[in-house]
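Visitor: Quick note: the sequence shown uses the numbering used here, first residue 51, plus one each step.
Okay, handing you the structure first.
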Amino acid sequence: MRKGPHGNLSERKYLILLCSCLFLILFFSESAIGQITRELQPLIENNTTLLPGNYLVKKNVYVKKGATLTIRQGTDLFLGPDVTIIVADNLIIEGKEKQFVNITSLDSNNPGNGFQIRDVSKGVVRVSFAKFKLLKRPLVFNKNWLRESVTIQNSLFKDLKNQEVSVEFQDLDQIQAIKEVPVKFKGNTFANNSGSILITNISSNYLHFEITNNVITRNEYTGRESNGIFSSPLFVNYHESNGARPPVIRNNSICFNYSSMVFTDTVEFFPVNNTVAGSAESLDLSGNYFGDKTADEIARQFDQISTERKTPFVYFNDILSKPPTNVNGHIFKMLVNGRAITEDNPNKQWEEGIKDFTLIGNKPMKPGSSAQVVYHFYRSDTLFIKQLNHHIELRDSGKTVFIELEDRLQKKENNGYFVIDGLYDDGLFEIPAVSIGKKMFLNQNRELFLKFKDLDQIPHRTTSEDVNKTVSDRHQMQVLPKGLNPIDSSNTDFRPHWEIEFFSGSSIYYGDLAKSKLRIYPANARPAIGFRESFRLHENWKVELRQDYVVIVGNDNTATKVGRARGTGYDRNLNFKTTLVDFGAMLEYDLYRIGKSNPVIVSVLGGGNIFFFKPMAQYKGIYYDLRSIGTEGQTLNGQDHRYAKYAWGLPVGFKVRRELSDKLDICFSYTYNKLFTDYLDDVSTGFYPSEEALTSANPDLGDIAVKLSNPNNKEGQRSQSANYDGYAYFGLSVVFKLY
């Protein structure tokens with residue numbers, strides 16, 4: 051191809067097309083996400099199973115009698131302001147370990163309610179591996195409800211936006227009940243909330259509660275009476291009932307929950323655990339962990355409750371000195387600058403400056419992708435949020451997390467407190483966020499506390515000094531875009547899963563008939579398509595099997611210069627086309643993310659492959675198999691020294707991937723294949739064979755074999771370069787995630 055005054059015009063067009071592809075990926079319209087978002091209809095009359103994906107619930111939904119609503123892993127529900135899903139029969143929420151069903155509010159400033167269970171039914175309520183976050187009342191059993199059984203297990207209730215009751219079990223329908231209804235509340239985490247769990251009657255002839263293996267911690271209540279319905283994380287009424295089995299409350303960690311009271315010149319904080327009221331004679335609360343208090347201190351706390359209202363006698367045969375290891379992960383001890391602090395007054399070290407934190411948990415922990423140390427400080431009627439650079443070190447097999455701060459706090463910012471969040475236990479359950487210095491902060495800003503009561507209502511601003519981590523969505527989550535970003539799409543709820551990928555793009559040839567080693571020549575571009583199956587075994591790692599079909603071409607006639615680094619000169623007049631079929635195994639690693647909401651992710655990949663190739667050349671419009679001819683004399687004198695049909699290589703490359711949803715990605719990728727053959731194009735450092743010998747070796751072709759081997763009647767070596775050939779391909783692919 052001749053070059054005019056603008057000789058690189060075709061190449062420029064090619065590069066413009068390439069840049070356009072990248073632009074489309076990086077700035078893909080959010081409306082595409084909205085197209086895959088479904089809206090839950092207000093009336094569900096038949097059995098309905100929500101398919102994995104995003105669901106928007108704009109108005110109240112009613113699940114009629116006789117209908118079952120089933121929600122499985124891979125499903126995210128976004129509730130509009132004050133929206134309730136009312137269930138008159140069966141409710142089944144079935145996430146899986148490390149694959150939660152996420153239920154949250156569309157706008158955290160105007161939260162939705164949650165699920166309301168009502169009416170008499172022979173159905174069941176079964177909830178497992180669900181995450182309820184930024185809601186008002188995620189689960190409420192209305193007065194006179196009835197079901198065969200209720201099981202709520204392995205679920206997370208966090209950042210619930212309600213100053214009153216968040217989870218409530220009202221009275222069972224005693225008239226229509228004919229047998230005992232077992233209610234199991236097991237293996238859950240109820241943390242970082244301002245609302246409580248209320249059980250109107252924990253035991254009757256037709257009702258039996260088992261509350262076991264739960265974590266109820268770091269809930270905070272403001273301006274309420276101590277140990278009241280709205281200031282106790284677990285408040286139960288237990289009344290005498292002849293023949294009823296006593297409730298079971300055992301192996302729970304109910305610790306570090308606080309209620310605050312505002313006095314004339316101070317804000318005081320009182321530890322609260324669970325409160326038991328009612329007419330029953332006694333209740334055994336042995337085998338639970340109630341924090342770092344002694345058994346006598348815990349007993350006095352319950353005695354104080356009994357002086358304020360009619361209560362059963364609460365007794366302990368044993369109280370756990372540490373939280374159980376078979377409950378979800380949480381922090382039960384903290385150190386600042388290497389010295390232990392108390393939850394009541396942890397701020398003695400502030401004057402010398404904060405250098406590091408040590409968090410001790412009940413089981414192994416690890417930081418998630420959004421692990422963060424956030425400093426909140428008050429200035430000019432605004433609560434500023436500043437993320438701090440830090441280094442995390444895991445000790446004691448992960449049960450201890452040591453956090454060293456890399457940022458220094460300026461004196462103008464010393465009126466604040468720390469929040470540490472984004473840690474997970476070995477089951478990928480969220481570790482409840484811990485705050486350090488918050489009680490001192492509220493005392494120092496008592497007027498602020500009186501004005502707002504809820505710190506989330508103070509005007510917030512993220513400082514410009516933010517670093518590479520994300521601010522807790524408890525403080526930052528605003529109205530979601532049209533695309534409905536899933537809960538905390540920084541992927542803290544990672545789920546191992548399979549992926550399938552369809553690739554389409556263009557090939558690039560590197561070899562003896564190319565203009566140089568590195569330049570992309572658009573005239574040689576040919577299609578490349580592929581199919582990949584992969585398993586993402588870690589948030590940043592995945593293993594991939596791929597199959598590709600690639601066409602590459604080269605032609606001496608496309609150049610005007612001779613004597614380039616690869617080849618004896620372009621006046622050889624050689625041409626070829628090779629069809630490649632390769633099979634490879636790759637390991638891919640995500641380097642970093644750009645953005646929190648529907649992020650762009652940059653990855654690198656490498657592996658190995660084996661491929662079949664068949665170089666062909668065109669003569670008078672017909673293509674011939676060059677390998678069988680032996681264009682460099684491989685078949686002369688009855689010998690067979692032809693190169694193999696198969697070869698192996700080492701593919702390496704990169705990807706730029708845009709997450710469109712939990713189920714769909716689009717990405718641009720480039721893969722270069724380092725080969726170990728110089729015959730991809732049928733040209734190497736062999737010599738031009740004589741016409742007679744080549745014609746004799748190919749009697750069926752005659753002089754056609756000569757024209758394919760040496761069209762311009764050259765002498766000597768066919769190429770000066772013994773470098774191995776190579777090929778690459780780039781393009782777009784669509785990735786489907788299979789949970």
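Glycine included, C-beta positions come from ideal geometry on N, C-alpha and C.
In this text the structure is predicted, and so the values were computed from the model without any measurement.
Is F219 near F240, with beta carbons less than 8 Å apart?
Guide: For F219 and F240, no; Cβs fall outside 8 Å.
Visitor: Could you tell me the distance, in whole angstroms, from the CA atom of D446 to the CA atom of F285?
Guide: The alpha-carbon atoms of D446 and F285 are separated by roughly 36 Å.
Visitor: Please identify the residue among S281, T325 and P546 whose C-alpha is closest to the C-alpha of E147.
Guide: Ranking S281, T325 and P546 by Cα distance to E147 puts P546 first.
Visitor: Taking Cβ to Cβ, would you say S155 is nearer than 8 Å to R187?
Guide: No, the Cβ-Cβ distance between S155 and R187 is not below 8 Å.
Visitor: In this structure, what does DSSP give as the bridge partners for T120?
Guide: DSSP, once it has assigned bridges, lists T99 and I142 as partnering T120.
Visitor: Please work out which residues of its chain come closer than 7 Å, Cβ to Cβ, to M527, disregarding the five sequence neighbours upstream and downstream, and give them in chain order.
Guide: In this prediction, M527 scores a pLDDT of 29, lower than 50, which makes its location untrustworthy; the coordinate-derived value is nonetheless stated afterwards. If we look at M527 and ignore the five residues flanking it on each side, its Cβ neighbours are S158 and L184.
Visitor: Restricting to runs no shorter than 3 residues, where is the beta strand (DSSP E) found entirely within the segment 619-677?
Guide: If we require 3 residues or more, the beta strand (DSSP E) runs fully inside the segment 619-677 come out as 625-644, 650-669 and 672-675.
Visitor: With H, G and I counted as helix, E and B as strand and the rest as coil, what does DSSP make of E741?
Guide: Three-state result, E741: helix.
Visitor: In this structure, does DSSP put D346 in helix, strand or coil?
Guide: Of the three classes helix, strand and coil, the one that applies to D346 here is helix, per DSSP.
Visitor: Looking at the unbroken beta strand (DSSP E) that takes in D753, where does it start and where does it end?
Guide: Per DSSP, D753 belongs to no beta strand (DSSP E); it is in the alpha helix (DSSP H), D753 to S759.
Visitor: Rounded to a whole number of angstroms, what is the C-alpha to C-alpha distance between N307 and S485?
Guide: Using only the alpha carbons, I get a separation of about 12 Å.
Visitor: Using the DSSP secondary-structure output, state which residues sit across from Q437 in a beta bridge.
Guide: The partner list for Q437 (beta bridge, DSSP) reads V424.
Visitor: In the DSSP assignment, the alpha helix (DSSP H) including F491 goes from what residue to what residue?
Guide: K488 to Q494 is the span of the alpha helix (DSSP H), which, as asked, contains F491.
Visitor: Can you look up F280 in the DSSP assignment and give me helix, strand or coil?
Guide: Three-state result, F280: coil.
Visitor: Starting from V177, trace the beta strand (DSSP E) in both directions and tell me its first and last residue.
Guide: Element bounds for V177: V174 to S178.
Visitor: Counting only the same chain and skipping the five closest in sequence on each side, list residues whose C-beta sits under 7 Å from that of V469.
Guide: Cβ neighbours of V469 beyond the five flanking positions: V424, H426, A483, S485 and S522.
Visitor: Give the straight-line distance between the Cα atoms of I381 and P373, rounded to the nearest whole angstrom.
Guide: Roughly 9 Å separates the two Cα atoms.
Visitor: Which of the three DSSP states is assigned to Q770 in this structure?
Guide: The answer is coil: DSSP assigns Q770 none of H, G, I, E or B.
Visitor: Between the alpha carbons of F581 and V603, how many angstroms are there, rounded?
Guide: Spanning the two alpha carbons is a distance of roughly 22 Å.
Visitor: Look at the alpha carbon of T735 and the alpha carbon of L782, and state the distance between them as a whole number of angstroms.
Guide: The alpha-carbon atoms of T735 and L782 are separated by roughly 36 Å.
Visitor: I need the straight-line Cα distance from F479 to Q224, nearest angstrom please.
Guide: Near 37 Å, if we compare the C-alpha coordinates of Q224 and F479.
Visitor: In or out: S540 buried (at least 16 other Cβ within 10 Å) or exposed?
Guide: Reliability of the predicted coordinates at S540 is poor, the pLDDT of 34 falling under 50, and no value is obtained from them.
Visitor: In the segment 175-259, which residue ranges form an unbroken beta strand (DSSP E) of at least 3 residues, counting only runs that do not cross its ends?
Guide: Entirely contained in the segment 175-259, the beta strand (DSSP E) runs reaching 3 residues are, in chain order, 180-183, 189-191, 199-203, 206-208, 215-219, 231-236, 239-241 and 246-249.
Visitor: Could you check whether S199 and E144 sit closer than 8 Å to each other, using their CB atoms as the reference points?
Guide: It is not a contact, given that the beta carbons lie outside the stated cut-off.
Visitor: Out of curiosity, what's the CA-to-CA distance linking L129 and L101?
Guide: Rounded to the nearest angstrom, the two C-alpha atoms are 17 Å apart.
Visitor: Is it buried or exposed, F259, if we count other Cβ atoms within 10 angstroms and call 16 or more buried?
Guide: So F259 ends up on the buried side.
Visitor: Taking only three categories from DSSP, how would you classify P471?
Guide: The amino acid occupying residue 471 in the given sequence is Asp; Pro does not appear at that position. It is a strand residue.
Visitor: Looking only at its chain, what residues have a beta carbon closer than 6 Å to the beta carbon of Q684, apart from the 5 residues adjacent to it on each side?
Guide: H691 and R692.
Visitor: Pull up the distance between the alpha-carbon of S678 and that of W698, whole angstroms please.
Guide: If you take the alpha carbons of S678 and W698, they lie about 20 Å apart.
Visitor: Would you tell me roughly how many angstroms separate the C-alpha atoms of L730 and I558, rounded to the nearest one?
Guide: Distance between the alpha carbons of L730 and I558: 13 Å.
Visitor: Name, in chain order, the residues that DSSP records as bridge partners for V266.
Guide: Checking the sequence, you will find Ile at residue 266 rather than Val. According to DSSP, which records beta bridges pairwise, I266 is partnered with F240 and I304.
Visitor: Are the CB atoms of Y256 and K234 nearer to each other than 8 Å?
Guide: Cβ atoms of Y256 and K234: not closer than 8 Å.
Visitor: By the three-class DSSP mapping on this structure, what secondary structure does L370 have?
Guide: DSSP places L370 in coil when its eight states are reduced to three.
Visitor: Under 8 Å between the Cβ atoms of F366 and S336?
Guide: The answer is yes: Cβ separation under 8 Å.
Visitor: Straight-line CA distance for P92 to K114?
Guide: Their backbone Cα atoms lie some 11 Å apart in a straight line.
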